[in-house]
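In what follows, a single structure is set out as structure tokens and then discussed.
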Amino acid sequence: MSLRFIAPFIAALSLLAPTLASAEPLAQPLAPGGGSPLALTALLAGMALLPFALILVTSFVKVAVVLSILRTAIGAQQVPPNTVITGLAILLSIYIMAPVGHDIFTELRPHIDAYEAGELQVNFSSIEEASQAGAAPLRAFLMRHADPEDRLLLHELAIELRPPEQHKNVAAEDLLVVVPAFVITELKEAFTIGFILFVPFIIVDLVVANILLSLGMHMLSPTTVSLPFKLLLFVLVDGWYLVVKGLILGYV
């Protein structure tokens, strides 16, 4: 299988680069052609963790949380179902992250061509070099969308967690600092959008509840009665258009 299909994912291995670098003395050319079975095993193990890493370094968290809050605000319970929300979040994340994936592939293209030409062997040194090259566009994206205050906080905490002799090894641009800051920022923005989405639906609930109370219809559930009106409101304002447009433009 050509590496062009997994090229965007290799950048996430830069999270493991310090560990791989420290293990480099163990990488002996045991496989034919100078490749290292140990390095190949580490690469495959890292790729097994990539789905979890990609959730955190893409827009998936923000999109999924916003869509879940929107469903709760409408009060339609399992409509749309979790599979639809997850699928839509994945599609929007692919759409948003496509330029970053293209940049990552461009950075990795020389390494991929060298590997396919038989000029590059799979060892810890080549994995670390490719990871650092592919991580540059990803790091730029994360730093652009991570709150500077969150990055500063995570950087300071990372320094405090290490002994004094390791403080100089912690940089503000390290992915182990930038990724948590990015995730926290995404959650804050998702909750902010969720609050904005909730307000009009809460108003509809209050209006319906007051009308039912004034009519003496205590046995009717305000949530059930207000659901058609909330769906109508969402359709009239073209809610899906506004939500999707707002989510995508948040990464421009």
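Here the sequence shown stands for residues -23 to -1, 1 to 229, where the numbers follow mature numbering (1 follows the signal peptide of the UniProt record, and there is no 0).
We put the beta carbon where it would ideally sit given N, CA and C, even for glycine.
Owing to the predicted nature of the structure, the values given are computational and were not obtained by experimental measurement.
Taking the straight line between their C-alpha atoms, what separation do you get for residue i and residue j?
i    : j    : result
L131 : P140 : 16 Å
E133 : A94  : 44 Å
V52  : A123 : According to the sequence displayed, residue 52 carries Gly and not Val. G52 and A123: Cα-Cα distance of roughly 31 Å.
M194 : L31  : 50 Å
I179 : W217 : 18 Å
Q5   : P28  : Any reading at Q5 must be qualified, since the residue scores a pLDDT of 42, below 50, and its modelled position is unreliable; the value itself is stated next. Q5 and P28: Cα-Cα distance of roughly 29 Å.
I136 : H144 : 5 Å
F129 : V160 : One point to set straight first is that residue 129 is Leu, not Phe, in the sequence displayed. Cα to Cα, the separation comes out at about 14 Å.
V202 : P58  : 21 Å
D127 : N187 : 43 Å
V156 : I81  : 17 Å
V43  : E142 : 42 Å
A110 : G64  : 30 Å
Since residue i and residue j should fall inside the 8 Å C-beta cutoff, what is the C-beta to C-beta distance between them, to a whole number of angstroms?
i    : j    : result
V185 : P199 : 5 Å
L197 : L189 : 6 Å
E150 : R116 : 6 Å
Which residue comes first and which comes last in the alpha helix (DSSP H) that contains residue i?
i    : result
A135 : P125 to E137
T35  : Per DSSP, T35 belongs to no alpha helix (DSSP H) and is neither H nor E.
L209 : P199 to L213
Y218 : G216 to L226
K165 : L152 to S191
When you compare each of the options to residue i by their alpha carbons, which one comes out closest?
i    : options                 : result
L33  : I62, A66, I180 and S108 : A66
E106 : M120, A91 and F118      : A91
L208 : I71, L174 and L197      : L174
Y228 : T63, Q55, Y72 and N59   : Y72
T35  : L15, L68 and V61        : L68
Cβ contact check for the segment 38 to 48 and the segment 80 to 87: 3 or more pairs under 8 Å: no
Is the number of C-beta pairs between the segment 217 to 229 and the segment 32 to 42 that are closer than 8 Å three or more? yes
Do the segment 203 to 213 and the segment 23 to 31 touch if we need at least three Cβ pairs shorter than 8 Å? no
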